[in-house]
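Numbering-wise (my numbering), the sequence shown opens with residue 1 and increments by one.
Built from N, CA and C at the ideal position, the CB exists for glycine as well.
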Amino acid sequence: MPEALITDYGVNLKSALRPVFDTVWNAAGWPRSMNFDENGVWVGE
């Protein structure tokens with residue numbers, strides 16, 4: 001799983017953690033996190 005080091009409280013957490021989310025979804029057989037669209041924009045709830 002990729003590391004995600006957050007050092008700035010102003011960072012967009014969803015975008016910063018996307019590689020982690022993608023890895024979890026990959027482990028379940030999905031190509032990417034379905035909470036992001038094809039352009040990397042958060043569409044989840």
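When the options are compared against residue i, the one with the closest alpha-carbon
i: residue 42; options: 1, 4, 17; result: 17
i: residue 32; options: 22, 12, 9, 38; result: 22
Alpha helix (DSSP H) segment containing residue i, residue limits
i: residue 22; result: 18-27
With 16 other Cβ atoms within 10 Å as the buried cut-off, status of residue i
i: residue 15; result: exposed
Whole-angstrom distance between residue j and residue i, CA atom to CA atom
i: residue 40; j: residue 19; result: 11 Å
i: residue 1; j: residue 13; result: 17 Å
i: residue 10; j: residue 4; result: 15 Å
i: residue 30; j: residue 45; result: 19 Å
Beta-carbon contacts of residue i that lie in its chain and below 8 Å, excluding the five residues immediately before and after
i: residue 25; result: 31, 32, 33, 34
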